[in-house]
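Enquirer:
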């Protein structure tokens, strides 16, 4: 059976690294992206170079209708869904929580929590053996901040990622009988352009002394853990929250 995986936030950073690694493992890939069509297509080119099929779909994962369109397109163009990487997420600007606007808090929660829940729900309905699917796996991309809390940086983001981990644990138990495994990966400081979007592009190197290994991670190092959790080698792994954070 073909492996068909949706990767949300798959145009850049960790999502793009995951998409390419999965392609090399034989997965057909649907890349969900919010804005940057050029980056999404560049990732798609790299995915197709591995000899698999790929579609790109613009989708705001906090919007239920756009989530439906993403998964409908993936299955129509690629076949029966077998995997989801719940990677789409935003941080908002760095700063103390008391100075963060309600609108910024709400948007982070909408994308990181509601979006992840909507995507997991849609993927579960597609993959569940109770709904005629063949089973599969979901991996949520969380953050080490889920346990550190990120004081002074983005407490609301940390809280949203803790919710993502709780969702993975709960769904792993609810969906085990449906043939679906659900796990979560907590990246630490990773070299992606998310830091520029939060207002501090040099942050991975500026705070490297906080990390026991003394350096930030690379997207491909995080992707390796995610791809393993989607693979047959992780067939007995569900409900795990795997930290990939250089010892942080």
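Residue numbers (this note's numbering): 1193 to 1440.
The C-beta atom is built at its ideal place from N, Cα and C for all residues, glycine as well.
(1) Taking contact to mean at least 3 C-beta pairs separated by less than 8 angstroms, is the stretch 1398-1414 in contact with the stretch 1304-1312?
(2) Give the single residue among 1428, 1421 and 1430 whose Cα lies nearest to the Cα of residue 1436.
(3) Give me the Cβ distance between residue 1206 and residue 1215, rounded to the nearest whole Å; I'm assuming they're in contact under 8 angstroms.
(4) Pair every Cβ in the stretch 1272-1288 with every Cβ in the stretch 1330-1346, then say whether three or more of these pairs are closer than 8 angstroms.
(5) Using DSSP with H/G/I as helix, E/B as strand and the rest coil, what is residue 1272?
(6) Could you check how far apart the C-beta atoms of residue 1348 and residue 1289 are, in whole angstroms? I think they sit under 8 angstroms.
(7) May I have the straight-line CA-CA distance separating residue 1365 from residue 1431, to the nearest angstrom?
(8) Whole angstroms is fine: what's the gap from residue 1226's alpha carbon to residue 1368's?
(9) Would you mind working out which of 1363, 1256 and 1376 sits nearest residue 1310, comparing C-alpha positions?
(10) Under a three-way DSSP split, which group does residue 1265 fall into?
(11) Around the C-beta of residue 1387, are 16 or more other C-beta atoms found within 10 angstroms, so that it is buried, or is it exposed?
(12) Do you know offhand how far residue 1345's Cα is from residue 1433's?
(13) Can you list the alpha helix (DSSP H) stretches of 4 or more residues lying completely in the stretch 1304-1390, in chain order?
(14) Should residue 1438 be labelled buried (16 or more other beta-carbon atoms within 10 Å of its own) or exposed?
(15) Between residue 1269 and the rest of its own chain, which residues show a CB-CB distance below 6 angstroms, the 5 nearest in sequence each way excluded?
(16) Assuming residue 1149 is part of the beta strand (DSSP E), what are its boundary residues?
(17) Does the Cβ of residue 1408 have 16 or more other Cβ atoms within 10 Å, making it buried, or fewer, making it exposed?
(18) Nearest to residue 1232 by CA position, among 1260, 1328 and 1209, is which residue?
(19) Assuming residue 1240 is part of the alpha helix (DSSP H), what are its boundary residues?
Expert: In short, the structure shows the following:
(1) At 8 angstroms Cβ cutoff, the stretches do not touch.
(2) 1421
(3) Actually they are not in contact, since the Cβ atoms of residue 1206 and residue 1215 sit about 15 angstroms apart, beyond 8 angstroms.
(4) yes
(5) Taken through DSSP and simplified to helix, strand or coil, residue 1272 comes out as coil.
(6) 6 angstroms
(7) Going from the Cα of residue 1365 to the Cα of residue 1431 covers about 7 angstroms.
(8) 31 angstroms
(9) 1256
(10) Residue 1265 falls in the helix class under three-state DSSP.
(11) Residue confidence is low: residue 1387 scores 47 on pLDDT, short of 50, so the model does not pin down where it sits. Its coordinate-derived value is still stated next. Result: buried.
(12) 23 angstroms
(13) 1308-1319, 1337-1340, 1347-1367 and 1386-1389
(14) buried
(15) 1247
(16) Absent from the structure is residue 1149, since the part of the chain shown begins at 1193 and ends at 1440.
(17) buried
(18) 1209
(19) 1229-1240
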